[in-house]
Structure formats: structure tokens, C-alpha cells
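Written below as C-alpha cells is the structure these notes are about.
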Amino acid sequence: MIQAEHLSKTYVLRERNGLFRRKSRREVPAVKDISLTLPPGKIVGVLGVNGAGKTTTIRMLASLISPTSGSLTIDGMDAVKHHLQVKQQVNVISGGERNLYWRLTARENLRYFGNLYGLSGRALEDRIHRLLALVGLTEVQDTPVERYSKGMKQRLQIARGLINDPRYLFLDEPTLGLDILIAKDIRALILRLARERNKGIRLTTHYIQEAEELCDFLYVLEKGTVIAQGTKEQLRSLFQRPPKLVMQEPDLEEILMEILRQRAGGTAETDRAAGSAAPGVSPEEKTGGGL
Amino acid sequence: MLIVWSTYKRIRTGILRAVPWSFMVSRVATGVTQILFPYFLYRYFMKGNLSPAFLRYTGGADYITYIVLGSALNVLAVSTLMNVGRALITELREGTLEVLLLAPASRGPYFAGCLWEQTARALLEFGATLLVGALLGARLGPLFSLSALAAIGLAILSFFCMGLLLSGVMLRTRDTYITQNTLFVTMSLVCGVVFPIPYLPEWVQRLAQVFPLTPAVELFRSAVLRQEPLSAHPGWILQILLLSGLYLLAGVLWNRRLEKTMLENIFG
Chain F
1 MIQAEHLSKT
11 YVLRERNGLF
21 RRKSRREVPA
31 VKDISLTLPP
41 GKIVGVLGVN
51 GAGKTTTIRM
61 LASLISPTSG
71 SLTIDGMDAV
81 KHHLQVKQQV
91 NVISGGERNL
101 YWRLTARENL
111 RYFGNLYGLS
121 GRALEDRIHR
131 LLALVGLTEV
141 QDTPVERYSK
151 GMKQRLQIAR
161 GLINDPRYLF
171 LDEPTLGLDI
181 LIAKDIRALI
191 LRLARERNKG
201 IRLTTHYIQE
211 AEELCDFLYV
221 LEKGTVIAQG
231 TKEQLRSLFQ
241 RPPKLVMQEP
251 DLEEILMEIL
261 RQRAGGTAET
271 DRAAGSAAPG
281 VSPEEKTGGG
291 L
Chain B
292 MLIVWSTYKR
302 IRTGILRAVP
312 WSFMVSRVAT
322 GVTQILFPYF
332 LYRYFMKGNL
342 SPAFLRYTGG
352 ADYITYIVLG
362 SALNVLAVST
372 LMNVGRALIT
382 ELREGTLEVL
392 LLAPASRGPY
402 FAGCLWEQTA
412 RALLEFGATL
422 LVGALLGARL
432 GPLFSLSALA
442 AIGLAILSFF
452 CMGLLLSGVM
462 LRTRDTYITQ
472 NTLFVTMSLV
482 CGVVFPIPYL
492 PEWVQRLAQV
502 FPLTPAVELF
512 RSAVLRQEPL
522 SAHPGWILQI
532 LLLSGLYLLA
542 GVLWNRRLEK
552 TMLENIFG
């Protein structure tokens, strides 16, 4: 289990005010006295607006930066003192298209990152094979990453994050900018990693629906401080709001999902149905090709 | 060794996919220009005349061979410093620094992989410069002596160590162009690449001693021009090793410190 107690991080910024003036020193408290736990097999969500301290917390938990104060243990081990051992057991997956070598293929990327974790030979090749299958990139494994779509790069990032078979995974907006189908696949994968492979997952997201779907426990951060925490039920009960009965038309996301699902079935009947359901939409738009 | 090899392979694959030949051509062209410029001055401006001071300073060396050896070693210095120096800042710019720092691998083998990859390329450029120099009349017969090869090896070691420190400077200033170009122009001017340093003011001569290229180029020339064994110049060898040690220590310590604060300064 990852246990962070009274964790704080203050950045010291040195800014030059003019060409010949001395740099001014400014302290920015990014995280203030945060305590949180991450058990294996659970998904813990961290919610908050930009600048709330979510990414700084991930970096401290992953031993990328040292906390200014507080204690951090991973499976009972002091994570600040033994950061190299910690790095073997954790990994970070961020949303976006960075963190990959674009000129290398998926297989070459995973091989390089595997080597950085001391893996090699048959064991590494088998793991790469399994991970590429897991994220559905086997067919394009020998294509340079620069030719991948955003979703493919994101899936490769997930494979990269699993290359060292970490016990704890930190996901920083893993579905950022992805289309609804890929985002759905990735959410299903995250759930499987926690439930079937017993990984402790710490998820940072701006999508409240995503957090609600995946997380066993939630922390809400604001200006570097935890302002609320609990299970979904506990958070809901905070204000004792009565349940709402809402009548709602199917939203556009549901409609698009249905069109795509039926399109994948490939029946002409489905096309007609989709066409009639969305008057004025061209056949290309109906297939969801622009998603 | 695993990380040395995989870093070598990763950089090599990336370069071959991105700039298979153009990169190499431009680097060879730089080396050749370095010879051609003083060659034209010597042939067409100075009409092949050298001052007695030059012969005194160099022990009667032939000028073409003198500049070819100096320029070739300078090409090697520039390549090594540039590639080792900007390895980490390139990772930062390409967005891969964070995942590199996230892995438990140490930076030593990583830099060694960068050195290996770039040395393979830089030796080609070095060879091409020498070849063009030979065509212009440089006498490079004793180039393959043990002393000359050992001098090249010592030079590469010292450039690598200096490159580690340069890496820290680039990361700290987040600049490659001004940093490396200022350094390279200064080195070309003060390290005795195309003229002996006693022509320079006393204080510049003293400044030149902080660059390992200064003793390395002297050692290399002594091995090729005068076929002297390395043991004839323990002072230069000691200077190269001492500077290497100092740059290595400063580079390792600074990079280690920077790694701790880098993500805070860059992304924080």
C-alpha cells in the first residue's frame, strides 16, 4: 500500500526581472499537508481544477520529485530514501502524445523502456507481445509512432506504463482528448488492471463521469489541499440531497455510440436506421469518421 | 551494458529514420570548410609564406598537415560535445525526459550509449576531414601509429567528460544554440586548431588551458607530425586526465542535482 502522510511540496521559483537585475526568489506551495492511501487492487481518484496540485502529488508518489515535508511509504518502505526501489514498482501514464520516441516503432519503444527497467531477452519480448495485444497494437507494432493516431499513441503509453509490471500505476488524465470509443476501451482496461491484476491505481481526471465509473475512493483537491474525500456514496451523502428523478432524452454521446455500434455490425438496415435517426447528416458523418 | 547498447540503438535508429544522409553531409561539410578556409588563406593570400615564428612554435611543421590535424580533432571535439551535451535537453524537448527520469536506470550508461553512437558517426566525419586534407597535400602517413590512436582515445574521453558538464549548462540555461556555438567558436579560436597559441595574448593562452582540446591537439600533432611517443609528453597527458576528471566530477554532481530539481523548474 502507498501511504502518504502530511505531504507538502513548495516550489522555489527564481525569476529574472530584467536583463541585469538579480533573480527574485518566490516560493509557491503546490501541495499542502496531504495525506492519502492507495491500496493494491483499488482505484483512487483525485479530482480538482487546474493547479490544484494533482500532478505534483503524482510526481511525489512516483519519486520524480522529493516532498518538502511529510512521509511517503510504499509497502512499508521509505519511498524518499529508497527512490530507486520505488521506481521499479511504480509507473506513470499521462494523457497526451508525449513520453514516446516518435521515430521508433511501438515494439522498439517498449524494448527501450523495458531495457531501462533492466528487462531483456525472451522475458521482455514475451511481455512486449502480451502488452501490444492487450492495447490492440499488434498489427501496427512495426510502424513508427509518428504515424500513429492520438488514440494509438495513448494506448502505446499504457503499454509503456505497464512494461515494468508495476504494482502501482499513476494515471494523469489518461483519456484526455480521446474519442468516446477509445476512451471507453481505456476505462475498461483500467478497471481490469485493478480488478484482475491487483494493481493500485491512482487516477487524475477532469471527467467526473469517468471518476464516478472507475474510482473506489475519491480525493478532491483545491489549491494543494484535500477539501473532501470518501467513497462515491460518502461524498454524495455529504449534503444529504434527495435522489432526483430526471427524465432525459438520450444524449448525443449515446446516439453516436449506437450509430458506431450498428455500423460495426455492417448491415444495410442499420445504415438506413441511422440515416433516418439523424436527418441531414451525410453518410460520412454518420459513420463517426470524424470522431 | 544493456542500457549503453539500447541507448546506442535507439539514437541510431531515430537518426537513420529522420536524417539518413543529409545530417552526415552537413557535418562533413563543416569539417571540410574548416580546412578550406585557412588553406585558401595560406595558398592565395600568404602565397605559401610562413613566418619564422610559426616554424619556431611548431618545430618546423608543414602548415597544411598542421591545420588538417587540428581541424580533424576539432570536428571530433565539436561532435562529441554537441551530442553528449544536448542529449538530455533533446529528451526534454521531445517530451521523453520525464519517463527517462522515472525509470531506475542510472545516467552513466545512458551517456555512454550517447557517446558510443556519436563516436561512430564522428569518426566518419573525422576520417572524411582527414581524407580531404590528404587530397590537399597533408602528410598523414603516421596517423595509424599507436601513439596517434591513443591520443585520439584520450581526446574523446576528455570531450565526453566536458560534454557531461555542458549537458548541465544546457539544461540549466535551457539553451543549445548560444551555449554550444559560443563554446565551439571560442575553442576553435583559442585551442591552437589552425595556428599555434603563442600567437595569442598571454591571458588567452592561459584561458586555452581549461579546454582539453588544447593539450589533445598538441599530443595528436606530436604523434603524427613528429612521430613522438605519448610518453614524451607526460605534462599534456596529465593535463588531459586532470581536466577530464574535473569535468567528469563537476558534470556528474551537477547533473545529479539538476535531475532532482529539473522537473520542478521546468514543469512546476
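Protein chains in written order, with our numbering: chain F, 1 to 291; chain B, 292 to 559. Virtual Cβ for every residue (Gly too), placed ideally from N, Cα, C.
Just the chain F side, please: which residues come within less than 9 Å of residue i by C-beta, in chain order?
i: residue 321 of chain B; result: Here the premise fails: no neighbours, minimum Cβ distance about 24 Å.
i: residue 543 of chain B; result: The premise fails here: residue 543 of chain B is roughly 16 Å from chain F at the closest Cβ pair, so nothing lies under 9 Å.
i: residue 297 of chain B; result: 111, 112, 114, 115, 116, 120
i: residue 534 of chain B; result: Going along chain F, no residue has its Cβ under 9 Å from residue 534 of chain B, so there is no contact; the nearest lies around 30 Å.
i: residue 316 of chain B; result: Those within 9 Å of residue 316 of chain B in chain F number zero; the least Cβ separation is about 19 Å.
So residue i contacts chain B; which residues on that side make the cut at Cβ distance below 9 Å?
i: residue 144 of chain F; result: 308
i: residue 84 of chain F; result: 395, 397
Suppose the cutoff is 6 Å on Cβ atoms and the five residues either side in sequence are ignored; what does the same chain contact list for residue i look like?
i: residue 512 of chain B; result: 360
i: residue 205 of chain F; result: 173, 211
i: residue 463 of chain B; result: none
i: residue 160 of chain F; result: 113
i: residue 145 of chain F; result: 100, 102
I'd like the list of long-range same chain contacts for residue i, defined as Cβ closer than 7 Å, with 5 residues on each side in sequence excluded.
i: residue 142 of chain F; result: 105, 107
i: residue 269 of chain F; result: Caution applies to residue 269 of chain F, whose pLDDT of 47 falls short of 50 and renders its modelled position unreliable; the model cannot decide the point.
i: residue 428 of chain B; result: 355
i: residue 235 of chain F; result: 218, 228
i: residue 339 of chain B; result: 333
i: residue 408 of chain B; result: 299, 302, 303
i: residue 183 of chain F; result: 175
i: residue 213 of chain F; result: 187
i: residue 350 of chain B; result: 517
What residues of chain B sit near residue i, judged by a beta carbon separation below 7 Å?
i: residue 92 of chain F; result: 393
i: residue 62 of chain F; result: 393
i: residue 65 of chain F; result: 554, 555
i: residue 104 of chain F; result: 301, 304, 305
i: residue 59 of chain F; result: 554
Closest by CA to residue i, which one among the options?
i: residue 293 of chain B; options: B:406, B:524, B:450, B:401; result: B:401
i: residue 489 of chain B; options: B:365, B:505, B:317; result: B:505
i: residue 132 of chain F; options: F:109, F:92, F:39; result: F:109
i: residue 365 of chain B; options: B:388, B:316, B:417, B:343; result: B:417
i: residue 413 of chain B; options: B:362, B:473, B:497; result: B:362
i: residue 117 of chain F; options: B:403, B:390, B:415; result: B:390
i: residue 329 of chain B; options: B:480, B:526, B:299; result: B:480
i: residue 499 of chain B; options: B:534, B:387, B:301; result: B:534
i: residue 30 of chain F; options: F:65, F:45, F:15, F:44; result: F:65
i: residue 252 of chain F; options: F:162, F:241, F:180; result: F:180
i: residue 358 of chain B; options: B:486, B:350, B:409; result: B:486
i: residue 69 of chain F; options: F:237, F:76, F:80; result: F:80
i: residue 317 of chain B; options: B:477, B:415, B:386; result: B:415
i: residue 320 of chain F; options: F:111, F:215, F:189; result: The displayed coordinates of chain F run from 1 to 291. Any statement about residue 320 of chain F would go beyond what the structure contains.
i: residue 151 of chain F; options: F:137, F:163, F:161; result: F:137
In chain B, what lies closer than 8 Å to residue i by C-beta?
i: residue 101 of chain F; result: 301, 305, 385, 387
i: residue 88 of chain F; result: 395
i: residue 127 of chain F; result: Result: empty, since nearest Cβ-Cβ is about 15 Å, beyond 8 Å.
i: residue 195 of chain F; result: Correct list: empty, because the minimum Cβ distance to chain B is about 25 Å.
Report all residues from its chain with a CB closer than 8 Å to the CB of residue i; omit the five preceding and five following residues, and keep chain order.
i: residue 186 of chain F; result: 154, 155, 158, 174, 175, 178
i: residue 372 of chain B; result: 450, 453, 454, 457, 471, 474, 475
i: residue 323 of chain B; result: 419, 420, 423
i: residue 380 of chain B; result: 458, 461, 462, 465, 467
i: residue 439 of chain B; result: 433, 511, 514, 515
i: residue 425 of chain B; result: 359, 431
i: residue 55 of chain F; result: 172, 204
Pop quiz: residue i and residue j are said to be a contact at Cβ under 8 Å. What is the actual Cβ separation, rounded to whole angstroms?
i: residue 230 of chain F; j: residue 2 of chain F; result: The Cβ separation is near 18 Å, so there is no contact.
i: residue 170 of chain F; j: residue 192 of chain F; result: No, residue 170 of chain F and residue 192 of chain F are not in contact; Cβ-Cβ is about 17 Å, not under 8 Å.
i: residue 90 of chain F; j: residue 62 of chain F; result: 5 Å
i: residue 406 of chain B; j: residue 554 of chain B; result: The Cβ separation is near 25 Å, so there is no contact.
i: residue 538 of chain B; j: residue 482 of chain B; result: About 15 Å separates the two Cβ atoms, so there is no contact after all.
i: residue 528 of chain B; j: residue 437 of chain B; result: Their Cβ separation, rounded to whole angstroms, is 14 Å, which puts residue 528 of chain B and residue 437 of chain B out of contact at 8 Å.
i: residue 40 of chain F; j: residue 167 of chain F; result: 6 Å
i: residue 226 of chain F; j: residue 34 of chain F; result: 6 Å
i: residue 404 of chain B; j: residue 298 of chain B; result: 3 Å
i: residue 99 of chain F; j: residue 387 of chain B; result: 6 Å
Which residues in chain F sit within 8 Å of residue i, going by Cβ to Cβ distance?
i: residue 448 of chain B; result: None at all; the shortest Cβ gap to chain F is about 25 Å.
i: residue 293 of chain B; result: 115, 118, 120
i: residue 460 of chain B; result: The premise fails here: residue 460 of chain B is roughly 16 Å from chain F at the closest Cβ pair, so nothing lies under 8 Å.
i: residue 551 of chain B; result: 65, 66
i: residue 495 of chain B; result: Correct list: empty, because the minimum Cβ distance to chain F is about 26 Å.
Examine chain C for any beta-carbon lying closer than 8 Å to the beta-carbon of residue i, and answer yes or no.
i: residue 108 of chain F; result: The structure shown has no chain C; the protein chains it does contain are F and B.
Does at least one heavy atom of the ligand ATP sit under 7 Å from the Cβ of residue i?
i: residue 532 of chain B; result: The ligand content of the structure shown is nil, which means the ligand ATP is not present either.
Taking only runs of the alpha helix (DSSP H) that begin and end inside the segment 452-513 of chain B, which ones reach a length of at least 4 residues, in chain order?
The segment 452-513 of chain B contains these whole alpha helix (DSSP H) runs: 468-481, 493-499.
If you scan the segment 1-88 of chain F from start to end, which runs of the alpha helix (DSSP H) of 4 or more residues do you find wholly inside it?
54-61
Please go through the segment 204-235 of chain F and give each complete beta strand (DSSP E) segment of 3 or more residues, from N-terminal end onward.
217-222, 225-230
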